[in-house]
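Remarks on the structure that follows.
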Amino acid sequence: MDAPRTPEEALRFFQALNPSGIKLGLERVKDALVALGHPERDYPALHVAGTNGKGSTCAFVARALEAAGHRVGLYTSPHLVRVNERIRLNGSDIPDDVFGQRILEVLERYPSALSDPMTYFEFGTVVALWHFSRERVDVAVLETGLGGRLDATSAASPVVTCVTPVSFDHMEYLGHTLREIAREKAGIFKAGVPVVLSKQEPEALESLLRRAEELGVPVQVEGRDFGIVPGSNDTLSYRGASWSLDGLTLALRGPYQRQNAAVALACLEALRARGVVVTPEAAREGLATARWPGRLEEVSQGPTVVVDGAHNPAGVAVLLEALRALYAGRPLHLVFGVVADKDRGPMMQALFPLAASVHLTPLDTPRSLAPERYIAEARDLCSRVVSHASLAEALAGAKDDAVGRPDGVVLATGSLFLVGAVKRMVDRSLGATQQQQ
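Here it is, written out as structure tokens:
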């Protein structure tokens, strides 16, 4: 493969890597980091694994660290609209010109990435760790892709690790029991590095605690060592290892964000104990001002259109809890798309009977499951199910149904691919409207 010579060519090189490719293992990433002089060792990091809640937890932590005056790198995946979202510095996506330049710098120092290409996620992780070093961040917040033990981000050097709720997802890679999946997530644990755990199913918690005990690392567990409870006047209270905070408010919507916020605060306490200065006031500001698109996000009105990235049974369960809290009594019109390797049955069984209509759509990915493959299942669960050839048609159909019912709500869910596509459509529509004005 010819080496790119300009930032524009470098971005095209990166985009040409297979975005759906999964190749578990750390050898290529470790080799690249050695060639780059171990940039991952230039800053303390929080490393977050789990099945659901990782992104929101990272968003809360990163925003609080920014409020404390730190220069903060945030690495997450997948992106919703633009790949630049994955690598952020103090809340801003990496610009195209800088992104391209960083790719060129990595390829110059590690040309093996040209002759033996890494996966999209592997290469993106290396670029992120390099970028954070070049930008001299004070601290980085790193989200795993999937698993933990063999995830590319596990080549980093964290000072605190964290596992959010573990549930069934990516079973073909991680195992078919919660114990096996949790063991893979616990692969981010490192000797001497404290661990923060959210509440877990007993089988998962047992596996996580066993691995922590094997490594002899201290563990903080939600519900045992820290937690958030309702306070007064619709606020929340937190009790942790060193902080007792009252009057907390959360910028992110949904009852499940209380758990993510509690875990984030415990991570901040652990970071503070490891020398990363952060005050309770900064933590409070972080919870109140964090942003994390694509999670219970209202993207347009007339009718209300909500997107949510729930893409596994556990994610749908917490989504339903949030819908009951925020949209009780309002007719629900689903736009639903799913990738073929997801456990769609439990998601459909939980969501579809509650919907006034369901609009099935294909996704813009080779992993998409065609609506005709599961429309019969869907029609057993909801009286009005329509299969569409495109997302534009599905969204228009759901909006028409919602307009015909008072206070109808359109909800697009089932995949982050779907959420990103809806957000792109809404952005284009808003842009066209503004140009006309």
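full-length UniProt numbering applies: residue 1 is where the sequence shown begins, and numbers increase by one.
For every residue, glycine included, the Cβ atom is placed at its ideal position computed from N, Cα and C.
These figures come from a predicted structure and were not determined experimentally.
Item checked: Span of the beta strand (DSSP E) around CYS267 -> Residue mapping note: residue 267 aligns to position 267 of the sequence shown, counting from 1. Unbroken run through CYS267 is the alpha helix (DSSP H), 257–273; no beta strand (DSSP E).
Check: Is the distance from the Cβ of ALA310 to the Cβ of THR361 below 7 angstroms?
Finding: Residue 310 sits at position 310 when you count from the first residue of the sequence shown. Residue 361 sits at position 361 when you count from the first residue of the sequence shown. Taking C-beta atoms as the reference points, ALA310 and THR361 fail to come closer than 7 angstroms.
Check: Hey, how far is the Cα of SER115 from the Cα of PHE123?
Finding: Within the sequence shown, the letter at position 115 stands for residue 115. Within the sequence shown, the letter at position 123 stands for residue 123. Taken atom to atom, the span from the alpha-carbon of SER115 to that of PHE123 is near 13 angstroms.
Note to self: For the beta strand (DSSP E) containing ASP96, name the first residue and the last one.
What the structure shows: Reading the sequence shown from its first residue, position 96 is the one you call residue 96. ASP96 -> not in any beta strand (DSSP E); alpha helix (DSSP H) instead, spanning 96–109.
Notebook entry, point to check: What residue does the beta strand (DSSP E) around CYS162 start on, and which one ends it?
Noted result: As a first step, residue 162 is located in the sequence shown; it is residue number 162 there, counting from the start. Where CYS162 is concerned, the enclosing beta strand (DSSP E) stretches over 160–163.
Item checked: Reference THR161, options ASP138, GLY147, ALA186, closest by Cα -> On the sequence shown, residue 161 is found 161 positions in, with the first residue counted as 1. A check of alpha carbon separations from THR161 across ASP138, GLY147, ALA186 identifies ALA186 as the nearest.
Notebook entry, point to check: Considering only the beta carbon of each residue, do SER357 and ASP401 sit closer than 7 angstroms?
Noted result: For the purposes of this step, residue 357 is taken as the residue at position 357 of the sequence shown. For the purposes of this step, residue 401 is taken as the residue at position 401 of the sequence shown. It is a contact, given that the beta carbons lie within the stated cut-off.
Margin query: Threshold first: 3 residues or longer. Then list the beta strand (DSSP E) segments lying entirely within the stretch 8–53, N to C.
Written below: Scanning the stretch 8–53 for uninterrupted beta strand (DSSP E) segments of 3 residues or longer gives 45–49, listed from N- to C-terminal end.
Check: Which of the three DSSP states, helix, strand or coil, is assigned to ALA288?
Finding: Numbered from 1 along the sequence shown, position 288 holds the residue referred to as residue 288. Three-state result, ALA288: helix.
Item checked: C-beta contact flag for SER154 and ASP42 at 7 angstroms -> Mapped onto the sequence shown, residue 154 falls at position 154. Mapped onto the sequence shown, residue 42 falls at position 42. Not a contact, by the Cβ cut-off of 7 angstroms.
Notebook entry, point to check: By Cβ distance, which residues of its chain are closer than 8 angstroms to SER92, with the 5 residues on each side in sequence left out?
Noted result: Counting from 1 along the sequence shown, the entry for residue 92 is found at position 92. So no residue of the chain qualifies.
Next item on the list: Identify, in the order they occur along the chain, each residue of the same chain with its Cβ nearer than 8 angstroms to the Cβ of GLY294, setting aside the five sequence neighbours on each side.
Entry: Within the sequence shown, residue 294 is the residue found at index 294, counting from 1. Contacts found: LEU80, VAL307, ASP308, GLY309, LEU416, VAL419, GLY420, LYS423.
Check: Based on Cα-Cα distance, which residue from ASP31, ALA64, PRO165, ARG88 lies nearest to LYS54?
Finding: Taking the sequence shown and counting its residues from 1, the one referred to as residue 54 is at position 54. LYS54 has its Cα closest to that of PRO165, out of ASP31, ALA64, PRO165, ARG88.
Item checked: Cα-Cα separation, VAL299 to GLU321 -> The residue given as residue 299 occupies position 299 in the sequence shown. The residue given as residue 321 occupies position 321 in the sequence shown. About 20 angstroms.
Notebook entry, point to check: Between PHE13 and the rest of its own chain, which residues show a CB-CB distance below 7 angstroms, the 5 nearest in sequence each way excluded?
Noted result: Here residue 13 refers to the residue found at position 13 when the sequence shown is read from its first residue. Hits under 7 angstroms: PRO4, ILE103.
Checklist line | Cα-Cα separation, HIS38 to GLU105 | finding: By 1-based counting over the sequence shown, the position of residue 38 is 38. By 1-based counting over the sequence shown, the position of residue 105 is 105. In a straight line, the C-alpha of HIS38 is about 14 angstroms away from that of GLU105.
Note to self: By alpha-carbon positions, which one of HIS131, ALA113, ARG183, GLY73 ends up nearest to ASP97?
What the structure shows: One-based indexing of the sequence shown puts residue 97 at position 97. It is HIS131.
Margin query: According to DSSP, simplified to helix, strand and coil, what is GLY227?
Written below: Taking the first residue of the sequence shown as position 1, residue 227 is located at position 227. When DSSP states are grouped into helix, strand and coil, GLY227 belongs to the strand group.
Notebook entry, point to check: Which residue or residues does DSSP assign as beta-bridge partners of THR413?
Noted result: The residue given as residue 413 occupies position 413 in the sequence shown. THR413 is bridged to PHE336.
Note to self: So for GLN349, helix, strand or coil by DSSP?
What the structure shows: As a working note, residue 349 is residue 349 in the sequence shown. GLN349 carries a helical assignment under DSSP once its states are collapsed to helix, strand and coil.
Check: Taking the continuous beta strand (DSSP E) assigned at LEU359, which residues delimit it?
Finding: On the sequence shown, position 359 is the one that residue 359 refers to. Note that residue 359 corresponds to His in the displayed sequence, not to Leu. Counting along the chain, the unbroken beta strand (DSSP E) around HIS359 starts and ends at 357–360.
Note to self: Output needed for ILE188: all residues of its chain with C-beta closer than 7 angstroms, excluding positions within five of it in sequence on either side, in chain order.
What the structure shows: Within the sequence shown, the letter at position 188 stands for residue 188. So the list reads HIS47, ALA49, THR144, GLY148, SER154, THR161, once near-sequence residues are dropped.
Next item on the list: Kindly give me the distance between the Cβ atoms of ARG367 and ALA340, rounded to whole angstroms, as I take these residues to be in contact under 8 angstroms.
Entry: Position 367 of the sequence shown, counted from the first residue, corresponds to residue 367. Position 340 of the sequence shown, counted from the first residue, corresponds to residue 340. Rounded, the Cβ-Cβ distance is 6 angstroms, consistent with contact.
Notebook entry, point to check: What is the C-beta distance between PHE226 and ALA262, in whole angstroms, given that I count them as a contact (C-beta under 8 angstroms)?
Noted result: Here residue 226 refers to the residue found at position 226 when the sequence shown is read from its first residue. Here residue 262 refers to the residue found at position 262 when the sequence shown is read from its first residue. Cβ-Cβ separation between PHE226 and ALA262: approximately 6 angstroms, consistent with a contact (criterion under 8 angstroms).
Notebook entry, point to check: Could you check where the beta strand (DSSP E) with THR304 kicks off and where it finishes?
Noted result: Counting from 1 along the sequence shown, the entry for residue 304 is found at position 304. Its beta strand (DSSP E) spans residues 304–307.
Next item on the list: With a threshold of 16 other CB atoms inside 10 Å of the CB of GLN434, please say whether the residue is buried or exposed.
Entry: As a working note, residue 434 is residue 434 in the sequence shown. Only weak support is given to the placement of GLN434: the predicted model assigns it a pLDDT of 48, under 50, and the question is left unresolved by the model.
Margin query: Can you look up GLY147 in the DSSP assignment and give me helix, strand or coil?
Written below: By one-based count along the sequence shown, residue 147 stands at place 147. Collapsing the DSSP output to three states places GLY147 in coil.
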